[in-house]
Structures are given as structure tokens and as C-alpha cells.
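Asker:
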Amino acid sequence: MRTFQKALFHSGMILFCMIFVTGCWDKHELNDRAIIMGVGLDQGDDDSVIISMQIARPSGLGTNEQPENETGAFEYVESKGKNWMDAAQHSAFQISRYRFFGQRRVIFIGENLARHGLKNMLDEFSRDTQVRLRTDMVVIQGGEARDQLKKSRPFERVPVLSDIKLHTAIGGKSGDTTFRDFLIDVLSDGASPTLVSMNGNQVTGRAVFNSDLKLVGYLTMDEAINRLWITGGLKQYVYTFRVPQFNGLVSLQTSKFRRDITTKIVDNKAHINIALSAVADLQENDSSVNMYETHHLQTVQQAFNRYLQKSMTDMVKRTQEEYGIDVFQLGEVIHRQHPIQWRDMKNDWNRNGFQNAQITVNVYTTIKRAGLTTLPLQLNEGDQSNS
Amino acid sequence: MFRKSQKTNHNWNARLNHLERKRNVPANIPNDVLQRNVDANEQLLRNVFDKCSDVVFHSIKVKGRTDIVVVYIDGLIDIQNFEDMVLKPILYEGPPQGLGRTKRIGQLIEDNLIAIVGSKTVSRTDELIHEILDANLALLIDGERESLILHLKNVPTRAIQEPKTEPGIRGPQEGFTESIRTNTAMLRKIIKSADLKFESVVVGELSRTDVLIIYLSRLVNTSVLNEVRSRVQRIQIDAIVDSAYIEELIEDAPFSPFPMVQNTERPDVVIANLLEGKVAILVDGSPFVLIAPQTFWGALQAAEDYYDRFIYVSFIRILRFGLLWISLLLPSIYVALTTFHPQLMPTNLLLSFVAARELSPFPAVVEALLMEVMFEALREAGIRLPRAVGSAVSIVGALVIGQAAVQAGIISAPMVIVVSTTGIASFALPRYQFGTSFRLLRFPMLLLAGTLGFYGIALGLMAMMTHLVTLRSFGIPYWGSLQFSVFGNLKDTIFRFPIWMRNKRPNILMEEDSTRIPVGQKPSPKR
């Protein structure tokens, strides 16, 4: 009984002491906080940086009120500084409340800044205790980040959420994890970071960064989708292509994407074979071919494979020649498959290794269904050509 | 230290024994034998019952002189029976052989005249007085050194009604009354076995209340039984008005916010608990029967759980378990989220909160405390008020507090939702007293959340859980049925297993004979 009381006393004391070990007493009422929903980062003139913020305006958030200006219940604030913390400090002169970054959902990066490099920005954002990793990052192709924050969005009450949802919709992954994934890519030797790029309300593709975190170029939207297949994030997509034999366009709803990457190291040179497979449903058939015939479907399937193989190979070739940067995380695959050789290769991977690698892409898709109707409705029974 | 405590114990026992001896003989009652002269005895009783206007002395004259004096307390005696069975035979018919010829008139009356089941003779004055006070009728007979006591008790009682505090849709609908005999009858009616024991202890110097310790002799956990017995026998008090007095005097952790003894108004609940080896304490004059030991999980079990279909009941149990934590934590979580950790909320939810809280002048903690106090006030007023005024309270509560405060911008709408959800959750617990303890703990939790955020809530929960696991009710761990090593004990906790699967009694209380229902009784059309 005595030892028990002792234990009770001790645990009570420990609990009491724990009241004082808290580091930060982060108590701010909701109506004393300025909730920053999104941040825009831009390169200013003469080496300065500009930080712009979209802040929720509580009085406009109620369900009954009509939004007064274009961005609805959200205020736009912009400030300039020598570096990021400086600019953020200057924003405090304009905002009467405690600036709360914990709900910041998106970081927009102006193209100018992206070309200058993101190193300073990453330093600040990874040091700040308030920052959360669940943040989307978007490069504004051919524009400034602050303009993106001023725009209204057609569907969303919270404008910045629109960008996250768009990103999620085309990216397959949740946009929330972008900042974390970006940091992982930055730290890895076998992948170089890429970010989704947008212009206005439209997703334009993917921004490619080199190892100095400077923007070197973009992947187009089609390339971004193809890249996503290779990196394993694609969930479903509708491919539309011309079938030369039938002289018509065909759309295939494609899903169940799989990839199988095999690597070989020959004389310190990487041979990479990417085998891609997917399942497709015929969704639109603009040619005058009866898809009820199995061999016609097989023709479409072969054309689809050839089309994909060509666009994939072109894309890989373009990134190799134009950027020389591994945007497909292939280095990580080599790292996993040949960990010992990788030690010698990793330092050179993003300079020459990827550029010199021999990469082949093979695509194997199967068309499973031809949709509800077999014959295009606009054709009569006798019209079908039998090519 | 140990030796010292033993010594004090010893002294305490000595004192107890002394008091024990003293207790049976209250000071103003003469401790003597009865006289042969009836007038002397009557005078003695008249002295004792001086100014007790409800005590009736009724002299019956046979052959011109006072032979018999009847003493009883008016209102506690079945007068009709007394007249028919006692008075008429003596007055009209007389003793069969005539008074003169009998040797002992008392014997004669007892044997031949009185058609009453319960009768006995007493010869000591203090006994006589107790019997009269215990609603019996005393016949003082001239020339006898003994008095005849007739059991004609007819104490006014309430009829058996539905249990008001534990209503149910299915299952037995009768509740205990204030009469101890009615109550024991209701229990005996269910268990027709000599195993059901009612051990009687008299407690209270003035009230001399009958306290029955009830158990099933074959199943009861003897250590619990001994503990209950010794604790009840140790009680020294002037009067017991309700079983709550007993509860406060026998519970293990009087300063704990958690109830250590269960109480119930339903005979079926008592029996179900006895069948698990527990002990019940029935107090005369109280419809609330105590059950010991109480465990945490017992607090989540309603009587109806065993009458409804088990799948539904399991769902309700999970709901209740969730509501338990909601009733404890919801306001604290709301305060911690909005003032400390808004980053943990979904963006749209946060924005709704922001919009709603924009105008409120108080910090969230103060707002929560205000509303909680207001809610408790409404609840309290609703209970104490005469029923006719009750609706006024709810109108004022709902309209004035709920709507006007929000419209005026003094209280934010989410806070009203949070507080009312919490209130409903705390009422959803089947044991009212258990709900009260959680309702009480809500306030320290709220203060912790308001000062330290989630960290404070975690500290508070740790302290609470530490306290809970150290509690013992009559030697049985409060959190005890959660021994994960014994799966059988878990069959009646969060999930209520069907009765054909609960083959063993909860072994935490069982010493032997733990089989309850033989295996293999799963109903099936094949058999």
C-alpha cells in the first residue's frame, strides 16, 4: 500500500511538472487570427522578394452575405523585403491580427522566382515552426504568383482550394502532399523535383527543376500525364488518338495503370526498360469501323500501344536531351535495384548519368470493353467498311 | 508504520464494541422486566411515550376491572384486523372457559382466541418498547409478567410503480417501493431458491432501520460479502433516511468523482447483478437498492441491454462509449482546437467557425464556461421546480439562451451546438450518477484545455485514467472487467454478446461455479 501511494504521489508530481515543460504557449482566439489561406512568392526587382498572401476575411465568410469583391471573402496583402522573413515581417505592418500560417494550403511560385531558384525559400519554409507539410506548391507558368492570388475561382468558396483540387484531379495524388514530396525529391539523388504548373485556372503541365532548384523548363500536359504513369500516380485518363488504318479518332478510357521498370548497369551506364500496362475501354469511336469485330478492336489496341510508345519515347528523349534531368525518379529505381553500383553513380546521375542512360519504353495495353453499342449509331447496317 | 496502524485499529475496535453494547440500549428506555401489575406496566409505557400523541393506549375491561391494555402506534396497525380478530372475540365471546378458570390468560388468548399469524411474548420493557415502535401491537395483561405482541403491521406504502429513474421499453416494468417487505417479495418472486439470502442488520440509533444484505450464497464472492457486511455493521449513525446514507458510509474512495457503489430502482437489475456474484444492500424506506462492487463497465450497462437484440445493443454500447467521452471532452476539444490548434481543422470547418466566432466578445474558454454553467443551471432548475413551472424553464432556456444569445452576438452558434451536444451525451449514460461525475470532470478539463490546449487535455486524461485504474470497489478493480487476458470478461463490455455465448460468469468476481449457461445452446432450426 505504501509503495502504491508513493507511486501515485510520484506520478502526480510528474503530471504537475509536465505543465511547465510546454515550449510555446500558442493561445490566440480565432477572432484574433488572420488565417492565411495561400501564399504567393515572387522575385521583385533589384534582388528583393515579394510575398503576397490571401487571408480569410471573417466578416465576409458568413453564409448569408454576398461576396463584395472578386475574391469573395478573402483579402489580398502584399509586402516586399530583402529576403522571405523580411518580407513576411513587413506584412505584419499591414495586418492587424496574428498571422497564422497553419492553414496555408497553397504556395504559388512565380516563374521569375522559379528561374532564380527556390533554395532560399525552402530554407525559410523548412525552418519555420508554424509551417505544415500539408501544402500544395504550384509554379505559375509565364506569370506572377500574386496575380494568381487576386483571381476569383468559379467553383470554390475558398479560391486557393480550387488549385489544390485541380492538382489532385489531374495528378492522381492528393495535392496536399506536394510540399513533402518536393522536399523528398530535393533530398534524393535519384530524382529531381518537379512541381505542377498552372496559368490562371488552368493546369498547364509540370515545371522541371535542376539540382540547384532552378526552373529549367516545362513538361506539357500530355507529357505530365505520361510521366505520372511512369512514376506511378496515374489513376485514370482518357487518351484520344488517330487510328491510321481506320482514318478516324478513337478515345479510350484507360485505367489500372501498372509499370514495371527493370534496370541493368553495363559499364557504369544504365540500361532502363520501362514496361507499362493498362486496361482500356472504348469510349468514342469516330471512325466508321464496326468494333463488334474482334480483329478491329485488336487493330485499335495495336495502334494505341504504338501511339503511347511513341509519345513516351519522345518525352523521355526530350527530357534527356533538353533538360538532362531525371524527372521520372528512375535513379531511385536503380538505387533500389542496384544499391552497390548506385553509390558510384549517384553523384553524377543528374548531370550525365540520366542523360546517357539507354531508356526503352514498351507499352502493353488491352482493350477490355467496346462500350454499350458496337456499331457507330450514325451508320446504317450496310455502310460499314471492312478494311 | 504498519504496526502503528494496527494499534489504532485495535483501539478503534474496542471503541466500536463498547458502542455496540451501548447502542442496543438507548438512554431513555428503562432496561427492566415487566411487572405483574398491568397498571404499573401501563404507567411505565405512558412515561416512555410521554407526549407521543400517536401512541394509543386502549383498555379493555373484562368483568368490571381493567384486565387488558392494548398499546400500539396509530396509523401503523391494521385496525380493521385488530377489531375483527382481537377485540371482538375478547369482548363479545370471552374466553371459552371463562376467565376465572384459566391459569394464564396470555397463553389462553394466544392459543385460542387470536387468529393472527405472527405473535410472540416479550418479558423485558426495552424489548416491548421496540416492538411497539416497530409497528406491532402489544397486549398488556393483568397478572402476567409477559406481554403479548401481535404482528398487525400495516405501514402505509406506495403501490408498485414503474421505476422513474430507469424506465425501459422492454422487460419488467416494476420498480422498488419504500417498503422493505414489498421489495424482498419482488426479489424472491424472481429467484425461487433458498440460495437467495437476506441478511438483516439494524442500523441507526433512532431510526433502527432494517438493512438487508442480499446475495446468492452459492455465487457470491465471499471477500466482497465479508467486506460489505463488516462495513455495514460498523456504521454508527442516528438515523438512516435513504440508502444514500449507507452508500456514503461504506464507499471506498469518498473523494473520487466516480460513484463506487451502484444503485438501482429495478428488481431485475439487482437479480442480474446478484447472478454475477455481487452483493446488494436493501434499506428500509428507500426504493434505491445499492449494489457492490461497482465497475466502470457496469456504468455503461442499462437493464434493457439484456432484453433487446444483441446486435442493436452492441451498437448502442459503442454509441454510449463514444457519448461518454463526448460528454467529458467535447467543449474542451472545441476550445483547444479553436484557440490553440486551428491547423488541425479542415479548412472549410475552420472558416465556418471563424465566421461564427467573429463577433463574440469572450475568449472561447470563458464562452464555454458560461454556457456550461448556464446549462447546468437549466438542468438543476428543471429538476427542482414544481412540474407545472418546468415548461417555463425549457422555453426560457431554449429561446432566451439558445437563440437570443447567438443573435445578439454574445455567444457563438458553434458553442451552443457543442454545449447542447455535450449535455445530451451526458444524459445518454444509463447510470445517472455516472453521468454526473463526467459532467463534473468536464470543468477541470475545460480549464486545462483553455490554458494548455490539447496538451492540457492529454494531461487531464492521464490523471483521470491513473485515478480510474487505481480505484477499487470492495477490493475489485474499478476498471477490472477489462482484463484482456480473460476474453470471457469482455463479452459484456463494449459489445454485448448473445446470451448463449456468455457461458461463464465474469470471473473477476467468481470463486467457483462460473458456468452460467452450458455451451451449445445456439438456437438453430436443425435441432
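Each protein sequence line maps, in turn, to chains A and B. Counting the first sequence from 1 gives a position; our numbering is that position plus 10. At position 225 of the second sequence the residue is numbered 212 (our numbering), and the sequence of numbers has no breaks. Using N, Cα and C, we set each Cβ at its ideal position, and we do this for glycine too.
Under 8 Å between the Cβ atoms of F84/A and I105/A?
Answerer: It is not a contact, given that the beta carbons lie outside the stated cut-off.
Asker: Just to confirm, is the Cβ distance from L51/A to F118/A under 8 Å?
Answerer: Against a cut-off of 8 Å, the Cβ pair of F118/A and L51/A comes out as a contact.
Asker: In terms of residues, what are the limits of the beta strand (DSSP E) holding T108/B?
Answerer: Start and end: 106 to 109.
Asker: Could you work out which residue in F461/B, S413/B, R132/B is closest to D26/B when comparing CA atoms only?
Answerer: Residue R132/B is the option with its Cα nearest to D26/B.
Asker: Going residue by residue through the stretch 119 to 150 of chain A, where are the continuous beta strand (DSSP E) segments of at least 3 residues, counting only ones entirely within it?
Answerer: Here the runs fully enclosed are 146 to 150.
Asker: Straight-line CA distance for V406/B to I222/B?
Answerer: So the two alpha carbons sit approximately 41 Å from each other.
Asker: Within the same chain, show all residues whose beta-carbon is closer than 7 Å to that of N130/A, passing over the 5 residues directly before and after it, in chain order.
Answerer: Once the five neighbours on either side are set aside, the close Cβ partners of N130/A are N93, W94.
Asker: Does any CB atom of chain B fall closer than 8 Å to the CB of E332/A?
Answerer: Not closer than 8 Å to any Cβ of chain B, the Cβ of E332/A fails to qualify, so no.
Asker: What did DSSP end up calling K509/B once you bin it into helix, strand or coil?
Answerer: Coil.
Asker: Helix, strand or coil: which one does DSSP assign to T375/A?
Answerer: Here T375/A sits in strand by DSSP.
Asker: Could you give the first and the last residue of the continuous beta strand (DSSP E) run that contains R252/A?
Answerer: It spans 246 to 253 - the beta strand (DSSP E) in which R252/A sits, taken as one unbroken run.
Asker: By the 7 Å beta-carbon criterion, what residues does the stretch 101 to 134 of chain A contribute toward chain B?
Answerer: Of all residues in the stretch 101 to 134 of chain A, F110, G112, Q113, R115 have a Cβ within less than 7 Å of some Cβ in chain B.
Asker: Within 8 Å (strictly less), CB to CB, does A169/A reach chain B?
Answerer: Note that residue 169/A is Pro in the sequence shown, not Ala. So no, P169/A is outside the interface.
Asker: Of all Cβ atoms in chain B, is any one closer than 8 Å to the Cβ of H38/A?
Answerer: Yes, H38/A lies at the interface with chain B (some Cβ there is under 8 Å from its Cβ).
Asker: I need the straight-line Cα distance from F26/A to I370/B, nearest angstrom please.
Answerer: Roughly 38 Å separates the two Cα atoms.
Asker: Looking at the C-beta of I65/A, does it have a partner C-beta in chain B at a distance below 8 Å?
Answerer: With 8 Å as the cut-off, I65/A does not count as an interface residue toward chain B.
Asker: If you follow the alpha helix (DSSP H) that S207/A is part of, which residue opens it and which one closes it?
Answerer: It is not in any alpha helix (DSSP H) - S207/A instead sits in the beta strand (DSSP E) that spans 204 to 209.
Asker: Identify the residues that DSSP records as bridge partners of Q212/A: which are they?
Answerer: DSSP output for Q212/A lists N209/A as bridge partner(s).
Asker: If we count the other Cβ atoms within 10 Å of its Cβ and call it buried at 16 or more, is E235/B buried or exposed?
Answerer: Answer is exposed; the Cβ neighbour count stays below 16.
Asker: Could you pull out every unbroken beta strand (DSSP E) segment of at least 3 residues lying fully inside the stretch 429 to 494 of chain B, listed in chain order?
Answerer: DSSP runs (the beta strand (DSSP E)) wholly in the stretch 429 to 494 of chain B: none.
Asker: What did DSSP end up calling Q263/A once you bin it into helix, strand or coil?
Answerer: Of the three classes helix, strand and coil, the one that applies to Q263/A here is strand, per DSSP.
Asker: Which chain B residues are close to M28/A, counting only those with a beta carbon under 7 Å from its beta carbon?
Answerer: By Cβ distance, chain B contributes L446.
Asker: DSSP three-state call for S(-8)/B: helix, strand or coil?
Answerer: For S(-8)/B, the predicted model reports a pLDDT of 45, less than 50, meaning its position is unreliable and no value from the coordinates is stated.
Asker: Does the beta carbon of R190/A come closer than 8 Å to any beta carbon on chain B?
Answerer: Answer no: the Cβ-Cβ gap between R190/A and chain B never drops below 8 Å.
Asker: Under 8 Å by Cβ, that's how I've got D19/B and T112/B pegged, so tell me the actual separation to the nearest angstrom.
Answerer: Correct: roughly 5 Å between the Cβ atoms.
Asker: Let me see if you follow: with CB-CB separation under 8 Å, is H20/A close to chain B or not?
Answerer: No - not a single Cβ of chain B is within 8 Å of the one on H20/A.
Asker: Note down, in chain order, all residues in the stretch 328 to 346 of chain B with a beta-carbon under 9 Å from any beta-carbon belonging to chain A.
Answerer: Listed by position, the residues of the stretch 328 to 346 of chain B near chain A (Cβ gap below 9 Å) are H328, P329, Q330, L331, M332, T334, N335, L337, L338, S339, F340, V341, A342, A343, R344, E345, L346.
Asker: When we look at the beta-carbon of F30/A and count the other beta-carbons within 10 Å, is it buried (16 or more) or exposed?
Answerer: Exposed, by the Cβ-count rule.
Asker: I need the straight-line Cα distance from I298/B to P159/B, nearest angstrom please.
Answerer: Cα-Cα distance, rounded: 21 Å.
Asker: Kindly list, in the order they appear in chain A, the residues whose Cβ is closer than 9 Å to that of L193/B.
Answerer: What L193/B touches in chain A: nothing, since even the nearest Cβ is about 36 Å away.
Asker: Any Cβ of chain B within less than 8 Å of the Cβ of R43/A?
Answerer: R43/A counts as touching chain B.
Asker: For a quick check, are the C-beta atoms of F256/A and V299/A less than 8 Å apart?
Answerer: For F256/A and V299/A, yes; Cβs fall inside 8 Å.
Asker: Give the DSSP-derived three-state secondary structure of T408/B in the structure shown.
Answerer: In this structure, T408/B counts as helix in the three-state DSSP scheme.
Asker: For the putative contact between F283/B and I481/B, defined by C-beta atoms under 8 Å, what is the C-beta separation to the nearest angstrom?
Answerer: 12 Å between Cβ atoms; not a contact.
Asker: Is there at least one Cβ from chain B nearer than 8 Å to P164/A's Cβ?
Answerer: It does not: the Cβ of P164/A has no partner Cβ on chain B nearer than 8 Å.
Asker: For a contact defined as C-beta to C-beta under 7 Å, what are the partners of T453/B on chain A?
Answerer: Correct list: S21.
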